[in-house]
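Engineer: Please read through the structure below; I'll follow up with questions.
Residue numbers (this note's numbering): 57 to 412.
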């Protein structure tokens, strides 16, 4: 079906699904902590999961690792260190691999960040969302402005020279100046990367059931233009729809997604995509943490599998690659989909004729 000149880069996504509480806008597979975290049991399950996956990635090198959630910073540095040690014992990890851990203010301090750094984490992604106390309260966050500032301070004090701050705009009652104030405050924290997302209302969330009143489209567009200009003036390159980075600090893990690379997904509800022989296969694990803990490392942990047809591969490549502001080289389409460029030439000609 497909003919791949060579395999894409390989990343590893590790999902840690627990949070202090579920935010009303969140549609990720995350679960509020009610009892003690089953840290060691979950680490053991993740490593069983990886062992089960090994045959599918035999001989390949992991270029990036991303600990996402949920709130991975709820796990102790000792657990993350043990997990990372177990990963390295089972699969080859590139010496210069980017190792990212998501963290939320209110769950970290300098010593905890130092512990994560000693464990092997070399990049942080901190979920700030806003520096405005009223906006944070409306978003259901567990932290306020002071905790957000303290988290950025702690990242720098722990020796992280590569960290991202996540922000949202288009919040209820937000003005352009308030959105810019968040960006300016973020810049003062000296991050290497800023993600600025528009708040969207997703199905199966509390906000979907009880929608907040959000700014209209024109106001949100004004916010986006102002944010882009502010970050550009500060030397941040707008390289993807919602991502801005200082030169050389683009998120390598996310770039691999957007360039249709391969990735293993470990953890409850984690998705993976692997190119092997003449197929591209997507898999996802069972979503409930209790089920995952019980089934990890067996075929019953697989929540579903999809072998992509050529039309699926074409659509998914474009869906991802066209998030990048610079587009993509034509050769990348063939490298990552295994299809000739002629497969998309009619659609490209039609788009060009329409002035795109």
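Here a beta-carbon is modelled for each residue, glycine too, at the ideal position from N, C-alpha and C.
What three-state label does DSSP hand residue 331 in the structure shown?
Structural biologist: strand
Engineer: Per the DSSP calculation, residue 156 is bridged to which residue(s)?
Structural biologist: 122 and 179
Engineer: Do residue 123 and residue 157 have their beta-carbon atoms positioned less than 7 Å apart in this structure?
Structural biologist: A Cβ-Cβ contact shorter than 7 Å links residue 157 with residue 123.
Engineer: Would you list the residues sitting across from residue 75 in a DSSP beta bridge?
Structural biologist: 88
Engineer: Should residue 195 go down as buried or exposed, given a rule of 16 or more other Cβ atoms within 10 Å for buried?
Structural biologist: buried
Engineer: Tell me the rounded alpha-carbon separation between residue 214 and residue 173.
Structural biologist: 8 Å
Engineer: Can you tell which of 334, 318 and 233 has its C-alpha closest to the C-alpha of residue 286?
Structural biologist: The candidate whose alpha carbon is nearest that of residue 286 is 233.
Engineer: Enumerate in chain order the residues of its own chain whose CB-to-CB distance from residue 386 is below 8 Å, with the five nearest sequence positions on each side excluded.
Structural biologist: 397
Engineer: Which ranges does the beta strand (DSSP E) cover as unbroken runs of at least 3 residues, wholly within the region 298 to 365, from first to last along the chain?
Structural biologist: If we require 3 residues or more, the beta strand (DSSP E) runs fully inside the region 298 to 365 come out as 299 to 301, 318 to 322, 327 to 332, 335 to 341 and 358 to 363.
Engineer: Which class does residue 223 belong to by DSSP, given the choice of helix, strand or coil?
Structural biologist: strand
Engineer: Residue 59: buried (16+ other C-beta within 10 angstroms of its C-beta) or exposed?
Structural biologist: With fewer than 16 Cβ atoms within 10 Å of its Cβ, residue 59 is classed as exposed.
Engineer: Under the rule that 16 or more other beta-carbon atoms within 10 Å means buried, what is residue 148, buried or exposed?
Structural biologist: exposed
Engineer: My parser needs the alpha helix (DSSP H) runs of 4 or more residues fully inside the region 244 to 303; what are they?
Structural biologist: Listed in chain order, they are 262 to 265 and 273 to 289.
Engineer: Compare the Cα-Cα distances from residue 351 to each of 84, 108, 410 and 294 and report the closest residue.
Structural biologist: Residue 351 has its Cα closest to that of 108, out of 84, 108, 410 and 294.
Engineer: Taking Cβ positions, are residue 319 and residue 328 nearer each other than 7 Å?
Structural biologist: yes
Engineer: Which residues in the same chain have their Cβ closer than 7 Å to the Cβ of residue 262, if we skip the five residues on either side of it in sequence?
Structural biologist: 80
Engineer: From the DSSP secondary-structure annotation, give me the bridge partner or partners of residue 186.
Structural biologist: Answer is none; residue 186 lacks a bridge partner.
Engineer: If you reduce the DSSP assignment to three classes, tell me which class residue 117 lands in.
Structural biologist: Of the three classes helix, strand and coil, the one that applies to residue 117 here is strand, per DSSP.
Engineer: Are residue 210 and residue 161 close, meaning C-beta to C-beta below 7 Å?
Structural biologist: Not a contact, by the Cβ cut-off of 7 Å.
Engineer: Identify, in the order they occur along the chain, each residue of the same chain with its Cβ nearer than 6 Å to the Cβ of residue 363, setting aside the five sequence neighbours on each side.
Structural biologist: Cβ within range, chain order: 335 and 337.
Engineer: How would you write the range of the alpha helix (DSSP H) that residue 147 sits in, first residue to last?
Structural biologist: That residue, residue 147, is in no alpha helix (DSSP H); it is neither H nor E in DSSP.
Engineer: Which residue or residues does DSSP assign as beta-bridge partners of residue 67?
Structural biologist: 120 and 319
Engineer: Determine whether the beta carbon atoms of residue 126 and residue 72 lie at a separation below 7 Å.
Structural biologist: Between residue 126 and residue 72, the CB-CB gap stays under 7 Å.
Engineer: Compare the Cα-Cα distances from residue 102 to each of 144, 116 and 77 and report the closest residue.
Structural biologist: 144
Engineer: How big is the Cα-Cα spacing for residue 70 and residue 301?
Structural biologist: 23 Å
Engineer: Could you check whether residue 175 and residue 133 sit closer than 7 Å to each other, using their CB atoms as the reference points?
Structural biologist: yes
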